[in-house]
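What follows is a set of notes on a single structure, which appears directly below.
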DNA sequence: TTATAAATATGACCGTGGTCAATATTTATA
DNA sequence: TATAAATATTGACCACGGTCATATTTATAA
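Protein chains in written order, with full-length UniProt numbering: chain E, 1 to 194; chain V, 1 to 194.
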């Protein structure tokens, strides 16, 4: 019973997303205004909200696709042999996520997929990232007493913690990568620490 | 060179906060409108923003004070003897933090103290919580190969992860406390796991 | 007491995300 | 090809957080 998705619809949607990319690349994520997007795309404001439930939905698509690009690269890597590799591999993604306070906030807000039925693009990338990490963990010299999925979720939790503290005035004297190293060593190789 | 804080100022501020409490207790946090607060407090809208930089600042005060009450209770507890105790102790606080999606979002947004000079009330509670947890960890039968502060920060990271996943449509089949148990056992007692 | 300066309060106004009934366009049907 | 139904677009309008020049109150000094 699904039919009739007019090509006009696709075109409008693509135009909106393209305009958004353009604005973001010149002014940054936080500076994007719906008003400006529709103006650049030459459609009415209401059209925007006919295509996206809200502004965040558009940001999710755009930020999610950025994250996916990073995950593509990560999937092409050979499994990290130690925690330093882990951190080096994850660095570009974490750098993007902290590139703007606004970006980090949007990611945080949607990492839990809200209470919606639909899983949003960003929540999907989180899910995907856990699977990538779990794969690495199964293949590498890491503790096996805990399920790889749990370890992977833990790494994600630590990464978020590090990024959050990076924005924090109290805690940002310890560089983000240094802190990540402390966490990962303790989390992944408990027997080697001390 | 600081002087002249009129008692009128304190009165107005107190009135605003009291009105906010009143509204929140009857309609919830997410339903609070600045308009309604000033109306209840019988002041002009501009007055609100003369007392608080923005709406979030008020929410921070209110939510922060709630969290502080929980921390007061935690400080009165005897140190937890195992991870189950940990989870039981933390449960009321985590319950509050997830009582509303809006509350959790505000907390997340300010846990990192933003980029401001001033450390906000919520960031302070996070700092305080880490110290409480670190104290427990030093006193109890937990791994000593990692600094207590790092362990404590880890617990905080896991708690946030559990709460975020609790809101998530993909991951909420595993109850929040169950998940926390998995994390904490692996994090605090790596030798006992498996 | 009155003049003056500093602190506080006011409310009209603005920016921006989001809504919705009306209109226009496309597709399906006769 | 005409007409009806479904789908997409429009833009005036609203909600709500936040601003700021002006007015009012309070503290200080003569």
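For glycine and all other residues, C-beta sits at the position ideal for the given N, C-alpha and C. Just so it is clear, the structure is predicted and the values come from calculations on it, not from any experiment.
Determine, for residue 168 of chain V, whether the minimum Cβ-Cβ distance to residues of chain E falls below 7 Å. For the purposes of this step, residue 168 of chain V is taken as the residue at position 168 of the second chain. By this cut-off, residue 168 of chain V is an interface position.
Nearest chain E C-beta to residue 111 of chain V closer than 7 Å, yes or no? Walking along the second chain from the start, residue 111 of chain V turns up at place 111. So, interface residue.
With residue 64 of chain E as the anchor, note down where its alpha helix (DSSP H) starts and where it stops. Residue mapping note: residue 64 of chain E aligns to position 64 of the first chain, counting from 1. From DSSP, the alpha helix (DSSP H) with residue 64 of chain E extends over 55-76.
With 7 Å set as the bound, which would you pick, yes or no: does the beta-carbon of residue 77 of chain V sit closer than that to a beta-carbon of chain E? The count along the second chain starts at 1 and reaches residue 77 of chain V at position 77. Chain E contact via Cβ: absent.
Look up residue 29 of chain V in the DSSP assignment and say whether it is helix, strand or coil. Counting from 1 along the second chain, the entry for residue 29 of chain V is found at position 29. Looking at residue 29 of chain V - three-state DSSP - the assignment turns out to be coil, as it is neither helix nor strand.
Quick one: what does DSSP say residue 162 of chain V is sitting in, helix, strand or coil? Counted from its first residue, the second chain places residue 162 of chain V at position 162. Correct three-state label for residue 162 of chain V: helix.
Counting C-beta neighbours from all protein chains within 10 Å, is the total for residue 58 of chain V 16 or more, i.e. buried, or is it exposed? Taking the first residue of the second chain as position 1, residue 58 of chain V is located at position 58. With 16 or more other Cβ atoms within 10 Å, it is buried.
Give me, in chain order, the residues of the same chain whose beta-carbon lies closer than 7 Å to that of residue 68 of chain V; leave out the 5 immediate sequence neighbours on both sides. By one-based count along the second chain, residue 68 of chain V stands at place 68. If we look at residue 68 of chain V and ignore the five residues flanking it on each side, its Cβ neighbours are 125.
How about residue 43 of chain V: is its C-beta nearer than 7 Å to some C-beta of chain E? Translated into the one-based positions of the second chain, residue 43 of chain V becomes position 43. Cβ-Cβ to chain E under 7 Å: no for residue 43 of chain V.
Can we say the stretch 13-23 of chain V touches the stretch 31-49 of chain V, given the rule of at least three CB pairs closer than 8 Å? yes
Cβ neighbours of residue 180 of chain V in the same chain (closer than 6 Å, five flanking residues each side left out): Along the second chain, read from residue 1 onward, the residue named residue 180 of chain V stands at position 180. Correct list, in chain order: 87, 162.
How would you label residue 14 of chain V, buried or exposed, when you count the other beta carbons within 10 angstroms and need 16 or more for buried? As a working mapping, residue 14 of chain V is identified with position 14 in the second chain. Residue 14 of chain V should be labelled exposed.
So residue 185 of chain V and residue 83 of chain V are supposed to be a Cβ contact under 8 Å. How far apart are they, rounded? Locating residue 185 of chain V in the second chain gives position 185, counting from the first residue. Locating residue 83 of chain V in the second chain gives position 83, counting from the first residue. That pair is a contact at about 5 Å.
In the DSSP assignment, the alpha helix (DSSP H) including residue 111 of chain V goes from what residue to what residue? Counting from one through the second chain, the residue named residue 111 of chain V turns up at place 111. Its alpha helix (DSSP H) spans residues 101-111.
Can you give the Cα-Cα distance for residue 195 of chain V and residue 109 of chain E, rounded to whole angstroms? Coverage of chain V is limited to positions 1 through 194, which leaves residue 195 of chain V absent and any answer about it impossible.
Could you please give the first and the last residue of the uninterrupted alpha helix (DSSP H) stretch that includes residue 132 of chain V? Reading the second chain from its first residue, position 132 is the one you call residue 132 of chain V. 121-139 is the span of the alpha helix (DSSP H), which, as asked, contains residue 132 of chain V.
Would you decide whether residue 190 of chain V is buried or exposed? Buried here means 16 or more other CB atoms lie within 10 Å of its CB. Taking the second chain and counting its residues from 1, the one referred to as residue 190 of chain V is at position 190. Residue 190 of chain V is buried by the Cβ-count criterion.
Spatial neighbours of residue 12 of chain V within its chain, please: CB distance less than 8 Å, with the 5 preceding and 5 following residues excluded, ordered by chain position. In the second chain, residue 12 of chain V corresponds to position 12, counting from 1. Result list for residue 12 of chain V: 41, 43, 47, 51, in chain order.
Chain E partners of residue 158 of chain V, CB-CB under 8 Å? For the purposes of this step, residue 158 of chain V is taken as residue 158 along the second chain, with counting starting at 1. What residue 158 of chain V touches in chain E: 154, 157.
Between the C-alpha atoms of residue 160 of chain E and residue 142 of chain E, what's the straight-line distance to the nearest angstrom? Along the first chain, read from residue 1 onward, the residue named residue 160 of chain E stands at position 160. Along the first chain, read from residue 1 onward, the residue named residue 142 of chain E stands at position 142. One C-alpha to the other measures close to 21 Å.
Might you give, ordered along the chain, the residues of its own chain that have their beta carbon closer than 7 Å to the beta carbon of residue 8 of chain V, omitting 5 neighbours on each side? Residue numbering aside, residue 8 of chain V sits at position 8 when the second chain is read from its first letter. For residue 8 of chain V, where only same-chain residues beyond five positions count, there are no Cβ hits under 7 Å.
Quick check on residue 146 of chain V - is its C-beta less than 7 Å from some C-beta in chain E? The count along the second chain starts at 1 and reaches residue 146 of chain V at position 146. With 7 Å as the cut-off, residue 146 of chain V counts as an interface residue toward chain E.
Which first and last residues belong to the alpha helix (DSSP H) in which residue 83 of chain V is found? Mapped onto the second chain, residue 83 of chain V falls at position 83. Note, residue 83 of chain V: alpha helix (DSSP H), 83-97.
List the residues of chain V whose Cβ lies closer than 9 Å to the Cβ of residue 53 of chain E, in chain order. One-based indexing of the first chain puts residue 53 of chain E at position 53. By Cβ distance, chain V contributes nothing, its closest Cβ being about 15 Å from residue 53 of chain E, past 9 Å.
Quick one: is residue 133 of chain V near chain E, going by C-beta distance under 7 Å? To locate residue 133 of chain V, count along the second chain from 1; it is residue 133. Judged by the 7 Å Cβ criterion, residue 133 of chain V is not in contact with chain E.
Neighbour list for residue 190 of chain E in chain V, Cβ cutoff strictly below 8 Å: Here the question's residue 190 of chain E lines up with position 190 in the first chain. Neighbours of residue 190 of chain E on chain V, chain order: 143, 145, 190, 191.
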